[in-house]
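Trainee:
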Amino acid sequence: MNATPIDFYFDFSSPYSYIASEWIEALAARHGRTVEWKAVMLGAVFQAAELKSPVSHPIKREYSLHDFERSARFAGVPLAIPAKFPIATQNAARVFWFLHADDPARAVAWARLCLRAYFTQGTDLGDAAALAGLAAQLGFEPGGAERVWTDPAWKNRLREVNDAAVAAGVFGAPFFVLDGEPFWGNDRRPQIERWLERGPF
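Going by the working numbering, the first residue of the sequence shown is number 19, and it counts up by one from there.
(1) Are N204 and Y81 close, meaning C-beta to C-beta below 8 Å?
(2) Where do the ends of the alpha helix (DSSP H) carrying V95 lie?
(3) DSSP state of M19, grouped into three classes?
(4) Quick one: what does DSSP say D85 is sitting in, helix, strand or coil?
(5) Quick one: what does DSSP say I105 is sitting in, helix, strand or coil?
(6) How would you write the range of the beta strand (DSSP E) that W55 sits in, first residue to last?
(7) Give the range of the beta strand (DSSP E) segment to which V195 is assigned.
(8) If the criterion is Cβ atoms closer than 8 Å, does the pair T107 and S31 meet it?
(9) Among all the DSSP beta bridges, which residues are the ones paired with E164?
(10) Between the stretch 51-66 and the stretch 146-163, are three or more C-beta pairs nearer than 8 Å?
(11) With C-beta atoms as the reference, is Y27 less than 8 Å away from L97?
(12) State the start and end residues of the unbroken beta strand (DSSP E) segment that holds E199.
(13) Between the C-alpha atoms of A12 and K78, what's the straight-line distance to the nearest angstrom?
(14) Using beta-carbon positions only, say whether A163 and V126 come within less than 8 Å of one another.
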């Protein structure tokens, strides 16, 4: 059995990343795989790739907002588009990489906590107090998370990860790499499952 992990690039402000985060672990486990979660900043990725967010175009925004909710219903995942959308989530991503350095499982728990809070409760991940409140739920001491996201070391780490993602061909989120094969988008799930079941096609 090929146990190569599935690389899962996600953004904390991406509805499709949130939806995918709710199914990727179970899908991988059914096929004896693990998942390597990688938090990126879509804004920086778009800039490097000379792209614009779909929601920055009025006609695409209307469709996208409709499709976010439709895709969530199709996947059986609760979702409510937040009043503030999209938002800057670099602080959440910096905390993710801080946690990942010592305990990847705790970093995944943080990612899930934040994604669910934003996309089901509307918690503004760009608000320092709100983000600190989520960090407290994960066991951070008061001020601990803020010290992380203001630390130049974790700012640099996020930049390095973003640069590496762009170099690897990542241009959106969610973005998966499976056995060296790239798959972009939550709607690639059937293709990913087919690959896991039968191999390359």
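Just so you know, even glycine gets a beta-carbon here, dropped at the ideal spot from N, CA and C.
A quick note: this is a predicted structure, and the numbers were derived from the prediction, not measured.
Mentor: Here's the rundown:
(1) The residue given as residue 204 occupies position 186 in the sequence shown. The residue given as residue 81 occupies position 63 in the sequence shown. Not in contact: N204 and Y81 (Cβ atoms no closer than 8 Å).
(2) One-based indexing of the sequence shown puts residue 95 at position 77. Unbroken run through V95: none, as it is neither H nor E.
(3) In the sequence shown, the residue the question calls residue 19 occupies position 1. A caution first: M19 carries a pLDDT of 46, below 50, which makes its placement in the model unreliable, though a value can still be read off. In the displayed model, M19 falls within coil according to three-state DSSP, outside both helix and strand.
(4) The residue given as residue 85 occupies position 67 in the sequence shown. Residue state for D85 is assigned as helix, using DSSP reduced to three classes.
(5) Residue 105 sits at position 87 when you count from the first residue of the sequence shown. Correct three-state label for I105: coil.
(6) Taking the first residue of the sequence shown as position 1, residue 55 is located at position 37. First-last of the beta strand (DSSP E) with W55: V53 to A57.
(7) In the sequence shown, the residue the question calls residue 195 occupies position 177. Per DSSP, V195 belongs to the beta strand (DSSP E) from F193 to L196.
(8) As a first step, residue 107 must be located in the sequence shown, where it is residue number 89. As a first step, residue 31 must be located in the sequence shown, where it is residue number 13. Against a cut-off of 8 Å, the Cβ pair of S31 and T107 comes out as a contact.
(9) Sequence index remark: in the sequence shown, residue 164 carries index 146 (1-based). E164 is not bridged to any residue.
(10) Verdict: no, contact absent.
(11) The sequence position of residue 27 within the sequence shown is 9, counting from 1. The sequence position of residue 97 within the sequence shown is 79, counting from 1. Result no, Cβ atoms of Y27 and L97 do not sit closer than 8 Å.
(12) Stepping through the sequence shown from its first residue, residue 199 is reached at position 181. Under the DSSP assignment, E199 falls in the beta strand (DSSP E) whose first and last residues are E199 to W202.
(13) Since the displayed the chain opens at 19 and closes at 219, residue 12 lies outside it and no answer follows.
(14) The residue labelled residue 163 in the question sits at position 145 within the sequence shown. The residue labelled residue 126 in the question sits at position 108 within the sequence shown. Against a cut-off of 8 Å, the Cβ pair of V126 and A163 comes out as no contact.
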